[in-house]
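Just remember that our numbering sits 159 ahead of the position in the sequence shown, which is counted from 1.
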Amino acid sequence: MSDIRIRAEHLEPFVQSVFENAGMPPEDAAIEAEVLIWANLRGVDSHGVLRIISYLNNIEIGAMNPRPNIRVVKESPAVAHIACDRALGPVATVPAMKKAIEKAKNVGIGWVLLSDVTHQGAMAYYSLMAAEEGFAGIAIVCSPPNMAPFGAKAAGVHNSPIAVAVPANKRDPISLDMATSVAAGGKLQLAQDKGVPLGEDWALDAAGNPTTDARKGVILRPAGGPKGSGLALIFQCLSSLMVDNPLLVPALRGGESLKKQNGIVAAIDISFFVDVDDYKNHVDNLIDELKALPRADGFDDIFMPGEPENRTLAERSAEGIPIPAGTAEKLRKAAQRFDLALPEGL
């Protein structure tokens, strides 16, 4: 079955209405909808609207809080710890990155830790917030175990994504956004929605055996073996353990089932080290030289991090967002739950 296409301007207000009906204030629901649609427009469908039903279910059981009490626990001119009270990720992370940027403007760097947040969506959204203001941006997230450490066949670490973005001049910002697993967890959900198999090295089943069955893949596999596994471990040490909210050990010891998440957002003032315009020109020159290298067989271009997503953005802005049958059914269920009109095209 071919995908249907829905224009972003029709889908985003529908998503916002869903979250408002789930109890979120309108301004928070708008942020949540924007971040999800932002991902879909760029082809990051694993972090887009397919998440709606799981978010609604998490709100119902109390794992996500539609009206959180977000508070600053501790703060200095350069760093901060924000307790998020199970806020939906974007609702806490957008203002956290704004705080990091403001700190970077004042003292050269802003490093903000978030504790007890929930799924934050596509992390590049936040790192690009900094890059678009002329700063280097970093965003990292940590959750309970969903990935087997190198050498194990059971989940012991989280496939913690990291996003880093830097500004350019004539070129688009370089925007790296990658999980520490071979494939992001949302890609397993997307494969189910599309009815297609997983990649050969994406996942293990519940018994720890490799599988390509999207219905059986429950444990992610680390990218680069010990490299992805090691990064995932270090990210937990830099976030969860620093905010006294460990996630791995309680889960491995059979602790509470409510999902929690911790994260890092950071901004670096490039102008402290070099003139920003000079830096942006350096980035342009670097991209130009890399793209001018001889291409390997079978490659038409040498893509920079974030470039494929920008091309998809142009295409989907013009032609609409493709929605697989499984995702379309999730959207219809969300509409039925709150007796909402479906967006045009669905």
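Think of the CB as a built atom: it goes at the ideal place given N, C-alpha and C, for glycine as much as any other residue.
What is the DSSP secondary structure of residue i, reduced to helix, strand or coil?
i      : result
Leu449 : helix
Arg475 : helix
Asp204 : helix
Ala289 : helix
Ala189 : helix
Lys233 : strand
Pro481 : strand
Asp352 : helix
Leu501 : coil
Leu170 : helix
Ser274 : strand
Ala338 : coil
Ile211 : helix
Met223 : coil
Arg164 : strand
Ile196 : helix
Ala311 : coil
For chain C, is any of its Cβ atoms less than 7 Å away from the one on residue i?
i      : result
Gly383 : No chain C appears in the structure shown, which is made up of a single protein chain.
Mark residue i as exposed unless 16 or more other C-beta atoms lie within 10 angstroms of its C-beta, in which case mark it buried.
i      : result
Gly384 : exposed
Cys396 : exposed
Ile165 : buried
Lys492 : exposed
Gly296 : buried
Val424 : buried
Gly457 : exposed
Ala494 : buried
Val271 : buried
Ala477 : exposed
Lys439 : buried
Val433 : exposed
Can residue i and residue j be called in contact, C-beta distance under 7 Å?
i      : j      : result
Ile299 : Val250 : no
Pro254 : Ser334 : no
Leu490 : Leu200 : no
Met223 : Met256 : no
Leu379 : Asn318 : yes
Ile427 : Ile212 : no
Cys301 : Ser399 : yes
Ala242 : Asp275 : yes
Gly344 : Asn305 : yes
Ser340 : Ala307 : no
Ala322 : Ser286 : yes
Tyr284 : Val408 : no
Gly413 : Leu273 : no
Evaluate the contact criterion for the segment 217-232 versus the segment 361-380: three or more CB pairs, one atom per stretch, below 8 Å. no
Any chance you could list the beta strand (DSSP E) runs of at least 3 consecutive residues sitting entirely within the segment 357-445, in chain order? 420-427
Whether or not the segment 270-285 and the segment 189-208 are in contact is what I'm after, with contact meaning three or more pairs of Cβ atoms, one per stretch, closer than 8 Å; do they touch? yes
Segment contact flag, the segment 351-370 with the segment 481-494, C-beta cutoff 8 Å, min 3 pairs: yes
Between the segment 174-182 and the segment 487-502, do at least 3 Cβ pairs fall closer than 8 Å? yes
Does the structure place the segment 357-371 close enough to the segment 322-334 that three or more beta carbon pairs sit under 8 Å? no
If you pair each beta-carbon of the segment 304-324 with each one of the segment 441-449, do three or more pairs fall below 8 Å? no
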